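Visitor: Dumping the structure here so I can ask a few things about it.
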Amino acid sequence: MCGITGYIGKNKNAINVVINGLESLEYRGYDSAGIAYVLNNKVNIIKEQGKIVNLKNKIDFNIQSNLAIGHTRWATHGEPNQINSHPHSQGKFTIVHNGIIENYLELKQELIENGYKFKSSTDTEVACTYMDFIYSKNNNILKTLNEVSKVFRGSYAFGIICEDDLDNLYALRKTSPLIIANGNNENYIASDVPAILRYTNKYILLDDMEIAKINSDKVVVYNQNLEIVKKEILEFEGSFESSMKCGYEHFMLKEIHEEPSVFKNTINAYFDGDFKNIPDLTKYNNIHIVACGSAYHAGLVGKYLIEKYANIPVYVEVASEYRYKHNFYDKDTLVILVSQSGETADTLASLRMVKEKNIDTLSIVNVVGSSIARESKYVIYTKAGCEIAVATTKAYLAQISVFALITMYLSNNKSKEILEEINNIPNLLEEIINIDYKNISSEIYQNQNIFFIGRGIDYSICMEGSLKLKEISYINSVAYQAGELKHGTISLIEKNTPVVALCTDDSLLEKTISNIKEVKARGAKVIFITTSDIEGDFYDFKVNVPKVNELLQPIITIVPLQLIAYDVAKLNGCDIDKPRNLAKSVTVE
Ligand code: M6R
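See the structure below:
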């Protein structure tokens, strides 16, 4: 939620670097954007409602600055207008912020009593003012940041400029991510790696409550006792191109086209005929899977596969529910957290809650070094690379690939047959990605309601297909267990209502076809997606999906749904990579 970036250095124009960085972070939020830059020892702020392009139109790029911070916002406190946009300033401080200061109202009251006035309704302006308030008493920036870090409740990654020290850029974080990258006579801060990839792939991660004092030559990181700490330099595996569109019209389309290699990289990291780099998971006799959104849908696939093939009971729950309910654990429970970003607030909170009960945790995470990955007992990284489109495609595919692997591992299936099937999956993915689904999309894009039905594992895929469609095309879509529809929802089916019906499990084919006939009889326009070669008059469109081992089937079946969602959104003229109201990484509850 929100992206921040900053630059201090002698080689480049800080304004260009920050704007480029913000553009790479725009997937984190696009309600407004702003920049603060230093010119002639003065801090100047420009901010604008809406996407970064609006901000760019207000900037004079001929101005040369060597210190700037920037922000792209997903609004939490206060409507997404110009006044509430970041950066915020008060007294000697100007800041950008990703996160939420939960106790901002009580701090605001204290500050008002001390004579401060506020322009916006944001928690960030309060945080900035509180910094100024503490600084006015101790006149020491490091001590101020250390003190506020103990007062602020909630989550934050701050980029900070103090008028009294324009030779340094400061940063402070708790829970929200923040990286610092070193260049030659220049340094960068950012919420995520894409913002720095065009300059370097080496970076350090700021840990909770650490403060960084950064000038063009060096970065000094302090812990809570204000002692200097030595930080490990990490290297990002992907290239700058991995964060660019590379000729594709949208990131989403590019990322779908990357799925064959994402599958290959993810499997190769953990299986080469034998299992490798997988922690010992054999001692657990029950599993909880906790995640949000698409990652939760991946967990549903995991449940189905692990229960059926490894015979271990699996309980799956969305993280925002799991963290507040009564759950049943025993000493042999493993909790699996699934997250692309590794920063999702509810998933992270669930992880922390479970750890307090001394339950073992495994995370399946894409972003290396993210909070969920670092705080879990075990981690299996998906190898999806940078995912920029807000709607996840390749990272979801990598998550269900990991669940196939875990199931193989738990059921000790490393047969020649499965190895051969695995080796063939990238080719099959290529084939299915290159099918043109526009005949289907053009038939359904004007409908207001679309239904997805399936049984068993296909129902889990329907959930993801339905979410993909609604999040980027704004068409109301609902996924239902095929047999459940007639218990209420079928009343919504009328002439030409699109129903996408999935059936990849032969043992459920007849039952599913009966359900399809029930909606067809009520006028539905049926899109039948199946591995079966059955023909009939119960569908309007048929997509033949190659039949593979059931462990791998979801990896193939999801692709047409992703592409149909993409085409439908495109036909509706939607902003595919940045759907309204959304942000990629949800670091608030
Ligand atoms: O980063 P995470 O995987 O933890 O994110 C969880 C959800 O917010 C995410 O999967 C969301 O549902 C997708 N953007 C949907 O495409």
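Counting from 1 along the sequence shown, just add 9 to a position and that's the residue number in the numbering used here. Every residue, glycine too, gets a C-beta built ideally from N, C-alpha and C. Keep in mind the model is a prediction, meaning the values are calculated, not measured.
What do you reckon, is the C-beta of Cys301 under 8 Å from a heavy atom of the ligand M6R?
Guide: Numbered from 1 along the sequence shown, position 292 holds the residue referred to as residue 301. Relative to the ligand M6R, the beta carbon of Cys301 is positioned inside 8 Å of a heavy atom.
Visitor: Using the beta-carbon count (16 or more within 10 Å), is Asn177 buried or exposed?
Guide: By 1-based counting over the sequence shown, the position of residue 177 is 168. Buried, by the Cβ-count rule.
Visitor: With DSSP as the reference, label Leu187 as helix, strand or coil.
Guide: Against the sequence shown, residue 187 aligns to sequence position 178. Three-state result, Leu187: coil.
Visitor: Could you please give the first and the last residue of the uninterrupted alpha helix (DSSP H) stretch that includes Ile3?
Guide: With the chain covering 10 to 598 only, the question about residue 3 has no answer from this structure.
Visitor: What is the DSSP secondary structure of Asp551, counted as helix, strand or coil?
Guide: As a first step, residue 551 must be located in the sequence shown, where it is residue number 542. The displayed chain sequence assigns Lys, not Asp, to residue 551. Lys551: strand per DSSP, three-state reduction.
Visitor: Can you give me the Cβ contacts of Ile522 inside the same chain, cut-off strictly under 7 Å, excluding the 5 residues immediately before and after it?
Guide: The residue given as residue 522 occupies position 513 in the sequence shown. Here Ile522 has Phe547 as same chain residues with Cβ atoms under 7 Å from its own Cβ, once five neighbours each way along the sequence are excluded.
Visitor: Taking its Cβ as the centre, do 16 or more other Cβ atoms sit within 10 Å of His95, making it buried, or is it exposed?
Guide: Within the sequence shown, the letter at position 86 stands for residue 95. By the Cβ-count criterion, His95 is buried, with 16 or more other Cβ atoms from all chains shown falling within 10 Å of its own Cβ.
Visitor: Which first and last residues belong to the beta strand (DSSP E) in which Glu493 is found?
Guide: Taking the sequence shown and counting its residues from 1, one reaches residue 493 at position 484. No beta strand (DSSP E) contains Glu493, which DSSP labels as neither H nor E.
Visitor: Determine the burial state of Glu612: buried for a count of at least 16 other Cβ atoms within 10 Å of its Cβ, exposed for fewer.
Guide: Residue 612 is absent from the structure shown; the chain starts at 10 and stops at 598.
Visitor: Taking the alpha-carbon positions, what's the Lys423 to Ile298 distance?
Guide: In the sequence shown, residue 423 corresponds to position 414, counting from 1. In the sequence shown, residue 298 corresponds to position 289, counting from 1. Straight-line Cα distance between these residues: approximately 24 Å.
Visitor: Under a three-way DSSP split, which group does Asn349 fall into?
Guide: By 1-based counting over the sequence shown, the position of residue 349 is 340. Residue identity check: residue 349 is Gln in the sequence provided, not Asn. If DSSP states are grouped into helix, strand and coil, Gln349 belongs with coil.
Visitor: Which partner residues of Asp369 appear in the DSSP bridge assignment?
Guide: For the purposes of this step, residue 369 is identified with residue 360 of the sequence shown, where counting begins at 1. According to DSSP, which records beta bridges pairwise, Asp369 is partnered with Leu343.
Visitor: For chain D, is any of its Cβ atoms less than 9 Å away from the one on Tyr575?
Guide: The structure shown contains no chain D; it holds only a single protein chain.
Visitor: Within 10 Å of its beta-carbon, does Tyr279 have 16 or more other beta-carbons around it, so buried, or fewer, so exposed?
Guide: Walking along the sequence shown from the start, residue 279 turns up at place 270. It counts as buried.
Visitor: If you draw a straight line from the C-alpha of Asn605 to the C-alpha of Ser270, how long is it?
Guide: Past the edges of the chain, shown from 10 to 598, lies residue 605, and the structure says nothing about it.
Visitor: Return the CA-CA distance between His335 and Leu343, expressed in angstroms with no decimal places.
Guide: Position 326 of the sequence shown, counting from 1, holds the residue named residue 335. Position 334 of the sequence shown, counting from 1, holds the residue named residue 343. Cα-Cα distance, rounded: 16 Å.
Visitor: Tyr387 and Asp369: beta carbons closer than 9 Å?
Guide: Residue numbering aside, residue 387 sits at position 378 when the sequence shown is read from its first letter. Residue numbering aside, residue 369 sits at position 360 when the sequence shown is read from its first letter. Going by C-beta atoms, Tyr387 is nearer than 9 Å to Asp369.
Visitor: Considering only residues of the same chain and omitting the five flanking positions on each side of Thr184, which have a CB-CB separation below 6 Å?
Guide: Your numbering for residue 184 matches position 175 in the sequence shown. Ser164, listed in sequence order.
Visitor: Below 9 Å between beta carbons: does that hold for Met417 and Tyr318?
Guide: Along the sequence shown, one-based indexing puts residue 417 at 408. Along the sequence shown, one-based indexing puts residue 318 at 309. Yes, Cβ-Cβ distance for Met417 and Tyr318 is below 9 Å.
Visitor: To the nearest angstrom, how far is it from the Cα of Gly12 to the Cα of Ala304?
Guide: Within the sequence shown, numbered from 1, the residue matching residue 12 stands at position 3. Within the sequence shown, numbered from 1, the residue matching residue 304 stands at position 295. Each residue's alpha carbon lies about 22 Å from the other.
Visitor: Determine the DSSP secondary structure at Thr133, reduced to helix, strand or coil.
Guide: On the sequence shown, residue 133 is found 124 positions in, with the first residue counted as 1. It is helical.
Visitor: In whole angstroms, give me the CA-to-CA distance for Asn367 and Phe337.
Guide: Here residue 367 is taken as the residue at index 358 of the sequence shown, counted from 1. Here residue 337 is taken as the residue at index 328 of the sequence shown, counted from 1. Their Cα atoms are separated by approximately 13 Å.
Visitor: Any heavy atom of the ligand M6R closer than 8 Å to the beta-carbon of Tyr39?
Guide: Mapped onto the sequence shown, residue 39 falls at position 30. No, the beta carbon of Tyr39 sits no closer than 8 Å to any heavy atom of the ligand M6R.
Visitor: To the nearest angstrom, report how far apart Leu314 and Leu371 are at their CA atoms.
Guide: One-based indexing of the sequence shown puts residue 314 at position 305. One-based indexing of the sequence shown puts residue 371 at position 362. Their Cα atoms are separated by approximately 17 Å.
Visitor: Check whether the Cβ of Lys403 lies closer than 8 Å to any heavy atom of the ligand M6R, and answer yes or no.
Guide: Residue numbering aside, residue 403 sits at position 394 when the sequence shown is read from its first letter. Lys403 Cβ: outside cutoff for every heavy atom of the ligand M6R.
Visitor: Going by DSSP, name the residue or residues bridged to Cys171.
Guide: What you label residue 171 is simply residue 162 of the sequence shown in a count that begins at 1. For Cys171, which the question treats as bridged, DSSP gives the partners Phe102.
Visitor: Quick check: is any heavy atom of the ligand M6R less than 8 Å from the C-beta of Ser594?
Guide: As a first step, residue 594 is located in the sequence shown; it is residue number 585 there, counting from the start. For the ligand M6R, at least one heavy atom lies less than 8 Å from the Cβ of Ser594.
Visitor: Would DSSP call Leu76 helix, strand or coil?
Guide: For the purposes of this step, residue 76 is taken as the residue at position 67 of the sequence shown. Of the three classes helix, strand and coil, the one that applies to Leu76 here is strand, per DSSP.
Visitor: Drop a sphere of 10 angstroms on the beta-carbon of Arg464, count the other beta-carbons inside from all chains shown, and report buried for 16 or more, exposed for fewer.
Guide: Position 455 of the sequence shown, counted from the first residue, corresponds to residue 464. Buried: at least 16 other Cβ atoms inside 10 Å.
Visitor: Just to confirm my understanding: we take Ile220, look at its own chain, exclude 5 residues before and 5 after, and list those with CB closer than 6 Å. What are they?
Guide: Position 211 of the sequence shown, counting from 1, holds the residue named residue 220. Excluding sequence neighbours, Ile220 sits near Leu154, Leu181 and Tyr231.
Visitor: Below 8 Å, how does it come out for the segment 400–407 and the segment 561–573: are there three or more Cβ pairs, yes or no?
Guide: yes
Visitor: Report the rounded CA-to-CA distance for His266 versus Ile442, giving the unit in angstroms.
Guide: For this step, residue 266 is matched to residue 257 along the sequence shown. For this step, residue 442 is matched to residue 433 along the sequence shown. The straight-line gap from Cα to Cα measures roughly 7 Å.
Visitor: Exposed or buried, what is Leu114 when buried is set at 16 or more other beta-carbons lying within 10 Å of its beta-carbon?
Guide: As a first step, residue 114 is located in the sequence shown; it is residue number 105 there, counting from the start. Answer is exposed; the Cβ neighbour count stays below 16.
Visitor: Less than 7 Å between C-beta atoms, sequence neighbours within five positions excluded: which residues of the same chain meet that for Leu517?
Guide: For the purposes of this step, residue 517 is taken as the residue at position 508 of the sequence shown. Correct list, in chain order: Arg464 and Gly465.
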